[in-house]
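What follows is one structure encoded as structure tokens, with my remarks underneath.
Chains as they are written, first to last, in the numbering used here: chain A, 1 to 318; chain B, 319 to 750.
Right, here's the structure in full:
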């Protein structure tokens, strides 16, 4: 058994001439929670579909659970598609058992586990309710249960949090952690950074069809310099204070905002202490994943805009 | 049970239950009742009409009183040879008196249809008839001739015939051919009624997006085959229900009729079946193989319709497809029917080999040809085609619908966007 549950390399997909996914690679360590982040339309869903073998990549390969073809390990995979879908005429318990049966689970066992899961998630009221009578969020929870009811080794969730209220989002996070503790590997996509920040061991960022970042959440946050907020006790002479701080420090209200590199923390503290202006507030923190994500996506977009601007100049001069 | 077959059964079970466990299915199941009811009402009305008309018809002879007895006698004897619809209308007489009776006036009399009127001497009668060259006029002429012949020959001893029925096994070819045609018609009717539904059966999954769950969890081949098997289950349930109704109805009818009548009917029935002869392969084999060919016809046509329907983007497109589908089925029916009426011909061989008419044509062949091994070959051949059609449908579906993300329309949009993106890219690469 290899250390990776998902090894997808160089996945490429064309829709007509448009390259929807361009050499995206994913390596998900076994037993981890892995997030695929990206703005809308970046190619997350198509990448996941190719990884699971639902559509064939034009280039690249995908191997799951130790170098096996996706089609040969279907029973060990759980998948929640981005476009949610259940048979509206089915009762919740049956729908879950059906999804389990598709993956090779015994019907009776599936029904039993369905009831257990639903009770656990506070859905015991609707065990025998038809899907069409449920709210969208409820149906989504049902489908989520259906995609993990057969205790899969690899769970792939496409935008699992969208459409859920905060309470259910919390429950889902709990469920994901529990599945990981059971030994499953979880790969999910999202564009809500908070979940990724709380849950993920590693993340990949896809923007404009290409992989732009791969690493831990901390590594992503380390892409940006640390942010400092400093409030001096002595506010008398802003120019004197600014002289002690790095260039570009900005005064908003009583606090100065600026960024520093990793190695500059101690020298900064020494300078502030020595300056004699005093300290009433000081915070030095890593930027949130949100900022790192926006930073990466903006950079990619800026590259495209620059290209287009150059093209425009080119065309005008031609 | 292999995972492949288990997957098929999971999908089939879902489809079967989803179809059967609805109030609409009851309507579907009972629909033939309306058909039978309408047919009965219409048939009864028509037969009553016909009966009335037949009862009111007559033919009239205006004859000398001396001739009337001879004519009546001849009429009784001749009538024996005509039965059923061939029987001439009842014969009525008018005595020719000194006053001349106008035949045309008789035909105008109210109360009954007069088809022909004969008057004048028997040697050269004048026959007025409603339809030129009608049967009634010729019958009257025959009657006159018979009376004259009787007179010339004098009394003849009545013929005492002894009737014996032909009871050897030599079955009539015509009967077997009509049996084959019957098999074709029944299979055609059932597939027409039942297989057409498969065209829309993937629309549900495409509409409610379940298709992605299915495609992720099981091979698409199992999805397609599972849907076919589910629909086949519905069809078999439908047929079993009506077979049970028919036999139940037969039993109930039997208990209401007195035993003597049953006995008589039984004897008559047995005589009728021996006379009507058996299919060349025997009844049990013929019925069994007929059922198997129905299954094959259903799977073959169903697979084609499922594959075509899977490509359709909307309900409207599916509705548009129902006409070509019906025409395709009728075409296969005509081909097989033509083949059944000419067993052993090149056309018949073609219809038996061509995969989509093969089940129909081979069922007809089972009625006229006593070779049995050939049916195993045919079933295998048809099964290969079912697999082939499903395989092609799945390839088309994967390539077209699934890869497109949002179906055909999305792809077309994507292509336009892609063309724009490509031109931008080309321009930028030139600039570098």
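Even glycine gets a Cβ: it sits at the ideal position worked out from N, Cα and C.
Fair warning: this is a prediction, and the values are worked out from it, not measured in the lab.
Contacts between residue 531 of chain B and chain A, judged by CB atoms closer than 7 Å, involve 81, 85 and 99 in chain order. Counting along the chain, residue 461 of chain B sits inside the alpha helix (DSSP H) bounded by residues 453-471. With a contact defined as Cβ atoms closer than 8 Å, residue 228 of chain A and residue 259 of chain A qualify at about 7 Å. Within chain B, 530, 533, 534 and 720 have C-beta atoms less than 8 Å from the C-beta of residue 54 of chain A, given in sequence order. Secondary structure of residue 436 of chain B (DSSP, three-state): strand. Contact annotation: the stretch 37-45 of chain A touches the stretch 179-197 of chain A, with at least three C-beta pairs closer than 8 Å. By the Cβ rule, the stretch 171-180 of chain A does not count as touching the stretch 1-17 of chain A, because fewer than three pairs are nearer than 8 Å.
Annotation for residue 550 of chain B: 616 place their beta carbon closer than 6 Å to its own, counting only its chain and skipping 5 residues before and after.
Judged by DSSP in its simplified three-state form, residue 225 of chain A adopts coil rather than helix or strand. The C-alpha of residue 375 of chain B is placed about 19 Å away from the C-alpha of residue 399 of chain B. Note on geometry: alpha-carbon atoms of residue 695 of chain B and residue 24 of chain A lie some 50 Å from one another. If you draw a straight line from the Cα of residue 529 of chain B to the Cα of residue 104 of chain A, it is about 17 Å long. For the stretch 243-265 of chain A, the beta-carbon criterion of a distance under 9 Å to any beta-carbon of chain B is satisfied by none of its residues.
Within its own chain, the residues whose Cβ lies closer than 7 Å to the Cβ of residue 165 of chain A, once the five positions on either side in sequence are excluded, are 137, listed in chain order. Look at residue 33 of chain A here: in three-state DSSP terms it is strand. Against chain A, a Cβ distance below 9 Å from residue 336 of chain B picks out 87, 89 and 90. If you keep only unbroken beta strand (DSSP E) runs of at least 3 residues inside the stretch 68-97 of chain A, you get 77-80.
In the structure shown, residue 252 of chain A adopts extended strand secondary structure according to DSSP, grouped into three states. About 4 Å separates the beta carbon of residue 59 of chain A from that of residue 12 of chain A, a gap short enough to meet the 8 Å contact definition. DSSP places residue 300 of chain A within a helical segment (H, G or I) once states are collapsed to three.
For the pair residue 548 of chain B and residue 663 of chain B, the Cα-to-Cα distance works out to about 37 Å. Shortest Cα-Cα distance from residue 440 of chain B to any of B:512, B:329 and B:465 involves B:465. Between residue 292 of chain A and residue 199 of chain A, the C-beta gap is not smaller than 8 Å, which leaves the two residues out of contact. At a Cβ-Cβ threshold of 8 Å, residue 657 of chain B and residue 621 of chain B do not count as neighbours. For chain A, the residues of the stretch 507-531 of chain B that bring a beta carbon within less than 7 Å of one of its beta carbons are 526, 527, 528, 530 and 531, in chain order.
Annotation: residue 253 of chain A to residue 197 of chain A spans about 30 Å, alpha carbon to alpha carbon.
In the same chain as residue 451 of chain B, and ignoring 5 residues on each side of it, no C-beta atom comes closer than 7 Å to its own. The C-beta of residue 60 of chain A comes no closer than 8 Å to any C-beta of chain B. In the DSSP assignment, residue 543 of chain B falls within the alpha helix (DSSP H) that extends over 538-574. Considering only A:108, A:110 and A:84, the residue with the shortest C-alpha distance to residue 131 of chain A is A:84. Counting every other CB atom within 10 Å of its CB across the protein chains shown gives residue 322 of chain B a total below 16, marking it as exposed. Of all C-beta pairs linking the stretch 134-153 of chain A to the stretch 104-124 of chain A, three or more are shorter than 8 Å, placing the two stretches in contact.
Separation of residue 525 of chain B and residue 633 of chain B (C-alpha to C-alpha, rounded to the nearest whole angstrom) is 9 Å. Residue 392 of chain B is positioned such that its CB atom lies no closer than 8 Å to that of residue 493 of chain B. Taking the Cα of residue 334 of chain B as reference, the smallest distance to any Cα among A:89, A:50, A:33 and A:18 is reached at A:89.
Listed by position along chain B, the residues whose Cβ is nearer than 8 Å to that of residue 104 of chain A are 321 and 324.
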